[in-house]
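Asker: One line per chain: the protein sequences are A and B, in this order. Under our numbering, the first residue of the first sequence carries the number 1, and numbering increases by one thereafter. Under our numbering, the first residue of the second sequence carries the number 371, and numbering increases by one thereafter. Glycine is no exception: its CB is placed at the ideal position from the N, C-alpha and C atoms. Just so it is clear, the structure is predicted and the values come from calculations on it, not from any experiment. Pasting a structure here, questions to come.
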Amino acid sequence: MRFITREKIQDLLEALASEAEVWAPRELNGSGGSIMFERWRSGDPIAFEGVTTLSAKDMVLPRTEKLFGFRYTAGTGNLLAEALGQSAGQPAKEKGEHLSIDPAEPVAEKVLFGVRACDAKALDVLDSLFNRADGSGYEDPGYRSRRAGLTVITIACTSCDEACFCSSFDNGPAEKAGSDLIFYPVDTGFLVEAVTVRGEKILARDEAAKSGQLFEESMLQPPALAETARVEGTADMETLLPAIFADLDFWERSTASCISCGFCTYGCPTCHCFNIHDEMRGDREGERLRSWDACMFHIYTQEASGHNPRPTPAHRYRNRINHKFSYYPENQGQILCTGCGRCIRGCPAGLDIREVMTAALAHARGQGST
Amino acid sequence: MISELAKSELSMSDLAAKISEALAGADLVLGWTASGPGGVAAPARFYEQAEAQQAVFDSTCVHNLAVHLPRLKERRVGIVAKPCDARAVNQLIAEREIDPGRVSVIGVECPSMVDVKTIWRRFGYGARIEDDGERLLVNGAEVERGKYTPAKCADCADRVHPAGEQSAAVADVTDETAADERQLRERFNAMSPAERREFWREQYSRCIRCYACREACPMCYCRDVCIMQSDESRWTGGGVNAGDAEMMQLIRVNHLAGRCTGCGECERACPAGIPLMLLMEEQNRVVEELFGHRAGVDPDARPPLLSFNANNDGWRKA
């Protein structure tokens, strides 16, 4: 396998930064240990240990994305006439009004260094909704252009914490889906494996360089990976979960501590619900934005009539579990969870999705056979 | 109503007995069991007297369970409460959000909490935490308690339960002043207004609008119709970006003037590590200075910014 020393990582990122924006994990000052993906510039420290508080989802589904700007302009340019109401009562077209749209800025090429397999795999899971290779299904131009311009360099996990459970759901600490290059940590650096053509190109370019090559051949063996399998009994969860849907008493008891904040969904690398909203500046111009939404928010299913089909945290948590482990697998063929554990680490009320899942599956089985 | 306080050490059997007793007149009791990872306490609900045996109270009981009370209005609820939690209950009563006749408080003396979140950030989620009152051990090795004491506990001015008992065990904590948060507060107090403006701009730029701060706050019981998230009229920008997030945070601070009981749950819940209590506490201090009022001390007090009292001098000083 190819190998790169730890010291040469900065050189590698500098080389990549000459053609793209580089993003890497960094601990934020004065944040009590929060690690986030931040824009990397030469000399910036990189957090090689631990896992980021937020996922890499931001790279393809930004927290807030400007879809386009818009402006209404009077066709004649005669605003005074308009103000005097000389065109009042006529449809816009006849008044000579125009709507001009400013498209969103083109997306920069990005290199994401230092993700974990749980985040990289999540990109693959989201692709099955937003970016099908065969062009079928939902087409999301913003997601597609960001995904196409993103190079993903994953660091495999040789250790984990109590919240990690990537091996539980079609995933693992060195899972390849979603990555372009995988780095395996060894004593003095990383063994490197290309997963995609894009990854191979990076290695090939280095090999072709006459001097200052960063990668070398190595006979070192890949390291032992972290062991993270935690959730048992998930076979048939797609059908078991809906079987206990109506048992609200169960859902209330098992999710009683939930305070219905949005952190689990925001931190989750596979959660992808969004809000589209117009932010105006005056009456005539504004922007249409797409921002993260969360099914844990009370207003998520609030209807204009005032009715809310999911009025309590228990209703909403039930939906979250069913979406991730039943509906999405049924509709998109993938599990909407990669076992990153962020929802567990970040939950202020100490809820653990694994405990809820285990209880739900046991409850569903105990309810009698189908 | 506020039940009699435990004297000196609260034994677990005392606690179980008090919860059992409360269940005779309540539908459920909010408390803790030792069912969290690494042996820490996790919030729990006791419905039957037999369940009360599993109740615990220790320095990992960091959560303010009063946050659940507004959602449980139609039931009779008991709640195991630290002094800061009990202040939140008082404030909810003062604002007439909950009915004091349907809430019974089991007050516990607080030995000061341990900052579980920071410990797990540094040592990994689920690291074993043991605290015998003298030594604090993480994964079996002793750590410096001052580094892992939440600022709100280190500064707990009234380590006095609202009903008036002093906790001897907590008095020692003020001597351990190495907490990062305390240093941050000192740095903050020394800043000029312009520097503070920059400080908050940078801090709030990390806000992702998850609303964990709001949901963790017992006083933010408007949560389901919160102005910061309103769609029926868009009062604030909805973007998850620095400017809109800052607006949201400042609205929240303003809405809590004279109402924040200093439980620090907002800061504990924040995934981005924003020091929310810095501004809250500054505001609490100003309110106390102007109006002589501290939220949550007296359930019959009328919060100064929710009432008008022509005799109160504070309005002229402001």
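(1) Could you check the C-alpha separation between residue 530/B and residue 453/B for me, to the nearest Å?
(2) If the cut is a Cβ gap below 9 Å, which residues of chain B does residue 279/A touch?
(3) Out of curiosity, what's the CA-to-CA distance linking residue 160/A and residue 227/A?
(4) Which ranges does the alpha helix (DSSP H) cover as unbroken runs of at least 4 residues, wholly within the stretch 312 to 343 of chain A, from first to last along the chain?
(5) Looking only at its own chain, which residues have a Cβ that is under 6 Å from the Cβ of residue 407/B, when we skip the five neighbours before and after it?
(6) Chain A partners of residue 642/B, CB-CB under 9 Å?
(7) Less than 8 Å between the beta carbons of residue 422/B and residue 456/B, yes or no?
(8) Are the Cβ atoms of residue 451/B and residue 476/B separated by less than 8 Å?
(9) When burial is assigned at 16 or more other CB atoms within 10 Å of the CB, is residue 595/B buried or exposed?
(10) Under DSSP, the beta strand (DSSP E) around residue 57/A begins and ends at which residues?
(11) In this structure, does DSSP put residue 291/A in helix, strand or coil?
(12) Using a cut-off of 7 Å between C-beta atoms, extract the partners of residue 316/A located in chain B.
(13) Straight-line CA distance for residue 230/A to residue 357/A?
(14) So within the stretch 390 to 468 of chain B, which uninterrupted alpha helix (DSSP H) runs reach at least 4 residues, ignoring any that extend past its ends?
(15) Measure the alpha-carbon distance for residue 649/B versus residue 300/A and round it to whole angstroms.
(16) Which complete alpha helix (DSSP H) runs does the stretch 557 to 629 of chain B hold, if anything under 4 residues is left out?
(17) Figure out for me which residue from 2/A, 327/A, 267/A and 165/A has the closest Cα to the Cα of residue 52/A.
(18) Quick one: what does DSSP say residue 275/A is sitting in, helix, strand or coil?
(19) Return the chain-ordered list of same chain residues with a C-beta closer than 8 Å to the C-beta of residue 673/B, the five sequence neighbours on each side being excluded.
(20) So, residue 270/A versus residue 223/A, is the Cβ gap smaller than 8 Å?
(21) Going by other Cβ atoms of all chains shown within 10 Å of its Cβ, with 16 needed for buried, is residue 246/A buried or exposed?
(22) So who's on the other strand from residue 153/A, going by DSSP bridges?
(23) When the Cβ atoms of the stretch 102 to 119 of chain A are set against those of the stretch 321 to 333 of chain A, are three or more pairs found closer than 8 Å?
(24) Which runs of the beta strand (DSSP E) spanning at least 3 residues fall entirely within the stretch 465 to 529 of chain B, listed in chain order?
(25) Since residue 642/B and residue 577/B should fall inside the 8 Å C-beta cutoff, what is the C-beta to C-beta distance between them, to a whole number of angstroms?
(26) Taking Cβ-Cβ distances below 8 Å as the criterion, which residues of the stretch 424 to 447 of chain B are in contact with chain A?
(27) Ends of the beta strand (DSSP E) at residue 24/A?
(28) Below 9 Å on C-beta distance, what does residue 576/B contact in chain A?
(29) Closer than 7 Å, Cβ to Cβ, to anything on chain A: give me those residues from the stretch 410 to 425 of chain B, in chain order.
(30) Check each residue of the stretch 568 to 594 of chain B: if its Cβ is closer than 9 Å to any Cβ of chain A, include it; give the result in chain order.
(31) Taking Cβ-Cβ distances shorter than 9 Å, what residues in chain B pair up with residue 371/A?
(32) Among 617/B, 611/B and 612/B, whose alpha-carbon lies nearest the alpha-carbon of residue 605/B?
(33) Cα separation between residue 197/A and residue 493/B?
(34) Can you tell which of 653/B, 567/B, 622/B and 586/B has its C-alpha closest to the C-alpha of residue 439/B?
(35) Quick one: is residue 383/B buried, meaning 16 or more other Cβ sit within 10 Å of its Cβ, or exposed?
Answerer: Considering the structure as presented:
(1) Note that residue 530/B scores a pLDDT of 43, beneath 50, so its modelled location is shaky; the value from the coordinates is reported in the next line. Whole-angstrom Cα-Cα distance: 7 Å.
(2) 604, 607, 608, 609 and 614
(3) 8 Å
(4) 313 to 322 and 328 to 332
(5) 496
(6) 28, 31, 34, 36, 53 and 54
(7) no
(8) yes
(9) exposed
(10) Careful: residue 57/A lies outside any beta strand (DSSP E) and carries neither H nor E.
(11) strand
(12) None at all; the shortest Cβ gap to chain B is about 11 Å.
(13) 11 Å
(14) 453 to 464
(15) 30 Å
(16) 563 to 574, 582 to 586 and 612 to 625
(17) 267/A
(18) strand
(19) 461, 464, 465, 628, 629, 663 and 665
(20) no
(21) exposed
(22) 113/A and 181/A
(23) no
(24) 473 to 477, 499 to 501, 506 to 508 and 511 to 513
(25) 6 Å
(26) 433, 437, 438 and 441
(27) 21 to 27
(28) 28, 31, 34 and 36
(29) 412, 413 and 415
(30) 573, 576, 578, 579, 580, 581, 582, 583, 584, 585, 586, 593 and 594
(31) It is not possible to answer for residue 371/A, since the shown part of chain A is limited to 1 through 370.
(32) 617/B
(33) 38 Å
(34) 586/B
(35) exposed
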